[in-house]
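These notes are about the structure you will find just below.
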Amino acid sequence: MAVNTPDEREPPAGDDERIEPPTSLSGWRRFVEKDLATFDLAPPKQWESMDDEARADYDEARIDYHSELQVVRTSTVKEVAHQGRLLTLLNRREHGARRGLIISGERTTGKTTALRQLGRLHELRIRQRYGDSRRIPVVYVTAPPKGSARKLALEFARFLKLPTISPRHNTADITSSVCQVLTEARTDLVLVDEIHLMNLATIAGEELSDHLKYFTEHLPATFVYAGIDVEHSGLFTGIRGGQIAGRCTLLHTGPFPPGAEWEGLVATMEDTLRLHHHTPGTLAKLHAYLHQRTGGMIGSLSHLIRAAAISAILDGSERITRRQLHTIHVDHASESAYRTSA
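The letter at position 69 of the sequence shown is residue 69 when you use UniProt numbering, and the numbering goes up by one with no holes.
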């Protein structure tokens with residue numbers, strides 16, 4: 001089967017850049033290259049003198065700014081970045097079974113954010129060191145639902161946009177092409193998200209596990225996985241699970257307890273607000289309430305604060321208060337826990 005490497009000339013980013021997820025090469029590169037979202041508030045007099053059209057455009061730009069997830073350097077993000085880099089360095093000259101990393105935890109605890117930030121930092125480091133646009137330092141895919149070995153191989157092929165893949169090619173053909181391209185592109189970090197979808201209790205799950213093992217043995221790369229409560233999902237059961245457990249370090253993510261780090265997270269997120277009448281420190285004083293509302297989940301906290309900011313723009317109040325926060329709905333799990341505790 002002939003192999004064609006993906007076209008390295010990516011289309012320029014435009015207004016629709018949000019549409020393409022990072023599970024494709026061009027989407028991943030846009031994610032890596034995207035600058036941190038910034039927005040400067042207009043001076044009070046200029047803001048007050050805006051006509052309706054200018055005000056609408058200005059507010060729309062602020063809504064876009066607040067709708068974008070602001071990455072906070074939590075202890076989880078730092079730990080994953082540190083352990084991930086250690087493993088890539090340890091595996092650099094390894095010729096046998098390479099060590100991997102599994103990030104496991106509850107929903108909305110920052111697993112995917114930490115995984116992507118690890119990949120982003122690694123790719124930026126490689127670009128700075130080598131400056132070779134032909135390299136593909138990082139691959140990011142998600143485990144396919146009810147996955148099979150073929151579906152996983154196709155996820156890698158879709159990331160690379162391999163032009164020669166067609167339905168008539170079997171799993172071995174696709175896998176061979178993927179490994180050849182990634183080896184030539186000097187890929188040294190592979191990120192696999194939603195790994196809890198892989199159930200070793202099924203035949204398809206066993207085949208998927210064997211296929212991942214094949215990739216790890218034929219690619220000179222470090223594999224990092226992320227999933228919900230992986231250690232309880234059956235991933236470590238049986239002989240195959242024992243092999244995974246014996247090769248991977250396990251990092252846990254979870255809700256943040258009340259304390260200094262939680263208060264710092266709230267204060268950091270409050271600093272990102274761009275509202276004209278918001279009193280600085282308001283959210284920091286509400287750290288206990290915010291912890292109760294979100295159960296200490298970083299994803300739920302981010303959703304609550306960003307939604308409240310957008311609501312404050314839409315209703316013209318330009319400030320976030322406890323009363324307003326109480327009207328914002330977050331995920332069902334957090335809402336249920338809050339009602340129970342309240």
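Glycine is no exception: its CB is placed at the ideal position from the N, C-alpha and C atoms.
Residue interval of the beta strand (DSSP E) (run including residue i)
i	result
D193	189-193
T202	Element bounds for T202: n/a, residue is neither H nor E.
T222	222-228
H252	248-253
Cβ pair residue i, residue j closer than 7 Å
i	j	result
G295	A337	yes
G227	E194	yes
R319	H277	yes
I103	C248	no
F39	R240	no
H211	L152	yes
A307	I328	yes
V72	T268	yes
T171	A157	no
A61	R135	no
T108	S311	no
D59	I313	yes
M297	P258	no
A114	T76	yes
Near the ligand ADP: residue i beta-carbon under 6 Å from a heavy atom
i	result
S148	The ligand content of the structure shown is nil, which means the ligand ADP is not present either.
Residue i versus residue j: straight-line alpha-carbon distance, rounded
i	j	result
I203	S209	10 Å
E106	M198	17 Å
residue 402	L235	Given a span of 1 to 342 for the chain in the structure shown, any question on residue 402 remains unanswerable.
G264	G242	39 Å
T222	L86	10 Å
L41	W47	8 Å
E270	L325	13 Å
T142	F215	15 Å
V190	L36	24 Å
K111	D229	11 Å
R30	V266	28 Å
H291	P163	49 Å
L160	D188	15 Å
G84	Y289	34 Å
is_contact[residue i, chain B] using C-beta, thresh 7 Å
i	result
P280	Of the protein chains in the structure, only one exists, and it is not chain B.
Extent of the continuous alpha helix (DSSP H) run through residue i
i	result
L275	Unbroken run through L275: none, as it is neither H nor E.
L25	25-33
I310	298-314
V181	171-184
P44	44-48
F156	149-160
H291	287-294
L325	322-326
S336	332-341
Buried versus exposed, by CB contacts within 10 Å (16 or more), residue i
i	result
R293	buried
P145	exposed
T279	exposed
G100	buried
R322	exposed
Y140	buried
H82	exposed
L304	buried
E33	exposed
P44	exposed
residue 364	The requested residue 364 is not part of the displayed model; the chain covers only 1 to 342.
A97	exposed
S302	buried
- Item | beta strand (DSSP E) runs wholly inside the region 59-141, at least 3 long, in chain order | 100-105
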